Amino acid sequence: MSDENGVIYRISGPVVTAMGIRSRMYEVVRVGHEGLMGEVIELHGDKSVIQVYEDTSGIRPGEPVVRTGQTLSVQLGPGLLTQIYDGIQRPLPVLEKTMGTFIERGVDADGLDLEKVWDFEATVSAGDEVESGSVIGTVQETETIVHKVMVPPGQSGKVASIESGSFNVTQTVCTLDDGTEIQMMQKWPVRSPRPYKQKYAPDTPLVTGMRILDFLFPLAKGGAAGIPGPFGSGKTVTQQSLAKYSDAQIVVYIGCGERGNEMTEVLDEFPHLIDPNTGKPLMNRTVMIANTSNMPVAAREASVYTGITIAEYFRDMGYDVALMADSTSRWAEAMREISSRLEEMPGEEGYPAYLSSRLAEFYERAGRVETLEGEDGSVTVIGAVSPPGGDISEPVSQGTLRIVKVFWGLDAGLARQRHFPAINWLSSYSLYPQSLDQWFRDNIASDFPEIRTEISSLLQVEAELQEIVQLVGSDALPVDQQLTLEVARMIREFFLQQNGFHEVDAYSGLEQQYKMAKAILTFQDSAKKALAAGGQLEDVVNVPARTNLMRDRFESGYIDRVDGLVDEMNKQIAAAAEEK
Amino acid sequence: MSGKEYRTITDVKGPLVFLEKTEPVAYGEIVQLRLTDGSMKNGQVLDTSDDMVVVQVFEGTAGVDLGTGVKFMGDVFKLPVSKDLIGRILDGAGRPRDGGPAIVAEGEADIIGAAINPYSRQSPHDFIQTGISAIDCCTTLVRGQKLPIFSASGLPHNDIALQIARQAKLKDSDEEFIVVFCAMGITAEEYNFFRSDLERTGALENAVLFVNLADDPAVERLITPRLALTAAEYLAFEHDYHVLVVYTDVTNYCDALRQIGAAREEVPGRRGYPGYMYTDLAMLYERAGLVKGKKGSITQFPILTMPGDDITHPIPDLSGYITEGQIVISRELHGSGIYPPINVLPSLSRLMGGCIGEKTTREDHKSVSDQMYAAYAQGRELRGLVAIVGEDALNERDKQLLDFSGLFEDKFLRQSRDEDRSIDETLDLCWELMQNISTKYLVRLDQKWIDKYHPTEKK
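Line by line, the protein sequences give chains A and B. Residue numbering for the first sequence follows the working numbering, starting at 1 and increasing by one per position. Residue numbering for the second sequence follows the working numbering, starting at 581 and increasing by one per position.
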């Protein structure tokens, strides 16, 4: 028995113990006669503990275990975009071709199409000095995205030869003077963050087109957000809206331990959806990873790392990347399951004691950075959390909230009232406004932050008034407070509620959001004036022009008509006061 | 591999048997135990190593002693599959229970079932008419969906499940469903109820029953639904049937899972249920759907009883995260004598959006359903207020909504156990009831539908 080949000693679900190999931690090994893929996660004397990425039924002690010498890595290069992978970067269409409808085991598949030929355009020439991360050429990967071919980290030197032309991803496109050959494909171990020069503080918002998010609780490019919510509160719909409409240049969507039909829906829908920022199909900028709830748990554990490594790779090209992980709770549960098979001492609720540090490590891979090439790139991470019973005092929610700066709390009560997106405006928060306010002032309106403060304090006041209304009914309140309730209702129904499936309403640009918010405050002002002049509340709030203002947001071209609608509303309100 | 019988049992604990020094035994392999009195039991390998093998015994370990012989059968658990399964009644381990002959197998299928490649799935979009207004209008069932009933003890979930099984059909189509019924730990009385109803309506000929009753071994419950789903997959994807899988009660299944976990001294998760319960349930629920290139489909209708009516209990909670919605049965409605007592407010069908509308149900369905839901929700909320301030304090709008909520329950929800309302009848009924609210308060209805369908305001 050599050091390279050992035998299986024990099998317990996805955890296999092997004897006789001298493996390294996190090394990939092949298990059993079928060569199932596994990863070494613990060493005990001569025994290696392996988590296996495929079903282990029918495997026996005594079957071989073979080292590969490599850690779990992904293949990076042209061909990532528009692809859908499982948790260990096997393309699902390739798996379908080789195994049919059901996912069998023991099948290997390359993450990139090794045969496909790309048009490589060199951007440096012989004699140029290049370093790790330097861009040496480009490939038009999809209609909208230019893939930049970079010198892999750890290599540098003078270009000896480089050639434009048609190549597949494994052919050498560039040779350095020390003989290093560079191909379009590079590999990177998923558990290590890719290098960059330095991290910056985020200063630009990630515009999502969802009013409650952009306006009240903005997320910065390079930031991290958590979306906890009980089932049925719209986590997946929110994540999908973000994948559709956020103004990132690249989107990595990880379906981690979720429903199979949801991924199918994304696959059916995305190729037909148009990116509001480029006018081209959304699929062009998207990479998907689908490890559904019934696919092997160990691969679910890996899927999150596979996704973030791909995201970092595009960041290194200088792109703004957004990564959605739905749901990090399933990822944590995969860790818990593996941990319990390892008979580790559990922490809270059976989760391993290292849960919070793993969560922190993952979210820390988000950020806005100066790339090795000196460009500006970012990875924004948005993680859904599925707390049991909707109770966010559990370890995954708490571990997440300690790290992320944006909390979008979904609320089952709001979902039941069909208030969507069901994000609770009282419990949610964002710590980014401070660093983003300057951007909003410069790019949207100089009083943007003040308007936001006014809107959110109105909502706060409403919550307090509602408590009184619950007891005595709204008629018992003084007229000015009744007006406040009416204004708050307008904020909720006109501004916060947004139909993610409506072709027009699903996306509002920042300028439109600002105008809508401003319109609400204008209504408040003119209604106050009208009431002071002796108008009746009933007449003032029910002017038809206000209904039009609210209803017309479903029509295209709304942004150009808002001002006119507001003027009309003011006129009618003033008239309503005069009638008396 | 098989043939050799070991007498090396060292420990017996709950449903688990530990034995040492065997030939290499496969993970998941099927095991036969010969007790000293000559009787036989079956089991499955849960953990295997060179030194020790752990076997979970399906029939329980009563009577097992250290002298019990253990034989490894060389293969994982497989179900003999055949079209002849249709019309048969099998026990929880797949043996005939109806006195009929053994199943002549056309093939064998691994009962664990491989995951469907998400890329190979097809989005479910065909509307299933159940004839129950609350479901058809508000939580529409779609072919290929997994839609559980969240119920609780003492509620008529079985009647509802049976009514659905009886009435479910595609709109304007005679295509019938094959019903695969899977009983997990229910009482003989409940089982007889299901069986006689299926018999009475002639549905039994088009059904396959897998039955594990309350006094059958608990561990066997872990394989019963897998057998049922394996049969369903075979019928759907090999023989193009549309299969409706009804299984009850998922709560008993989860309790059996907890029992095994405890016997293995695993670290428990919430309320003592194992940490992998989500994955385990997903491996059942995800075996629903449609796949590209195959005509058949699997629609799942699991029933679970919420302990203490608590929807945050781990069983309904984890189920809700996996299934595509839920139908919630309400004790309050049942108490007021309404059948079916479906509380539409927490109920949800996630696939509804893609399957209703002009081409499938009716153009006004979405609008009507939203409006009915919103009006009922507001009406229900007002009941609380009325209890404090009295009905006189309500304004005109609130009074109408309050009255509507009563009508909603009495006329819309309530229907008899054999009343099969078509979707058109259901939607017309909605319009009839909404007349009681003046149109200016019906803000979720598009004006064009009011013009077309409103009984008194239409043009």
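The C-beta atom is built at its ideal place from N, Cα and C for all residues, glycine as well. Keep in mind that this is a model prediction, so the values were computed, not measured.
Contact between E262/A and T236/A holds: CB atoms are separated by about 6 Å, below the 8 Å threshold. Between R402/A and S435/A, the C-beta spacing is not below 8 Å. With the criterion set as a beta carbon lying under 7 Å from some beta carbon of chain B, the members of the segment 100-115 of chain A are T101, F102, I103 and E104, in sequence order. Close to A954/B, with beta-carbon spacing below 7 Å, are these residues of chain A in chain order: R418. Interface criterion met: the Cβ of S57/A is under 8 Å from a Cβ in chain B. Residue environment for S929/B: buried (at least 16 other C-beta atoms within 10 angstroms of its C-beta).
According to DSSP, R60/A shares a beta bridge with no other residue.
Out of E578/A, G13/A and R546/A, the CA that lies nearest to the CA of T859/B is found in G13/A. The segment 301-365 of chain A is shown to contain whole alpha helix (DSSP H) runs of 4 or more residues at 328-341 and 355-364, in chain order. By the Cβ rule, the segment 296-308 of chain A counts as touching the segment 321-329 of chain A, because three or more pairs are nearer than 8 Å.
Sequence-distant Cβ neighbours of V722/B in its own chain, meaning closer than 6 Å and more than five residues away, are P704, L931 and C935. Taking 7 Å as the Cβ-Cβ cut-off, the segment 273-299 of chain A approaches chain B at A290, T292, S293, N294, M295 and V297, given in chain order.
Scanning chain A for C-beta atoms nearer than 7 Å to the C-beta of A714/B yields nothing, as the closest lies near 16 Å away. In the structure shown, L483/A adopts helical secondary structure according to DSSP, grouped into three states. In the DSSP assignment, L459/A falls within the alpha helix (DSSP H) that extends over F448 to V472.
The C-beta of L401/A comes no closer than 8 Å to any C-beta of chain B. Assigned with DSSP and collapsed to three states, F757/B falls in coil, not helix or strand. Contact of R963/B with chain A is not assigned, every C-beta pair being separated by 8 Å or more. Within its own chain, the residues whose Cβ lies closer than 6 Å to the Cβ of L1025/B, once the five positions on either side in sequence are excluded, are S947 and Q951, listed in chain order. Close partners of Y699/B in chain A (Cβ separation under 9 Å): I84, P91, L92, P93, L95, E96, M263, T264, L267 and A290. Excluding its 5 nearest sequence neighbours in each direction, G711/B has C-beta neighbours in its own chain below 6 Å: Q747, D1000 and R1001, listed in chain order. The C-beta separation of A527/A from L483/A comes to about 6 Å, placing the pair in contact by the 8 Å criterion. Around A533/A, the same chain offers A577 as residues with beta carbons nearer than 7 Å, after the five sequence neighbours per side are excluded. Shown here, Y85/A sits in a strand according to DSSP, grouped into three states. For R368/A, the enclosing beta strand (DSSP E) begins and ends at G367 to E370. Assigned with DSSP and collapsed to three states, E538/A falls in helix. Closest option to D316/A, judged by alpha-carbon separation, among P195/A, G399/A and L565/A: P195/A. At a cut-off of 3 residues, the continuous stretches assigned as beta strand (DSSP E) that sit fully inside the segment 155-186 of chain A are 157-162, 165-167, 172-176 and 181-183. Remark: fewer than three beta-carbon pairs, one from each stretch, lie closer than 8 Å, so the segment 657-668 of chain B and the segment 631-638 of chain B are not flagged as touching. Looking at the DSSP output, R30/A bridges to M37/A and V66/A. The beta carbon of Y432/A sits no closer than 8 Å to any beta carbon of chain B. The shortest C-alpha to C-alpha distance from G654/B to any of Q612/B, A695/B and M620/B is the one to Q612/B. For P595/B, the closest of Y607/B, K751/B and P797/B by C-alpha to C-alpha distance is P797/B. Between the alpha carbons of S556/A and L282/A lies a distance of about 20 Å.
In this structure L815/B is not in contact with F881/B, their Cβ atoms being roughly 16 Å apart against a cut-off of 8 Å. Contact residues of the segment 340-373 of chain A toward chain B are S340, P346, E349 and G350 (C-beta to C-beta distance below 7 Å).
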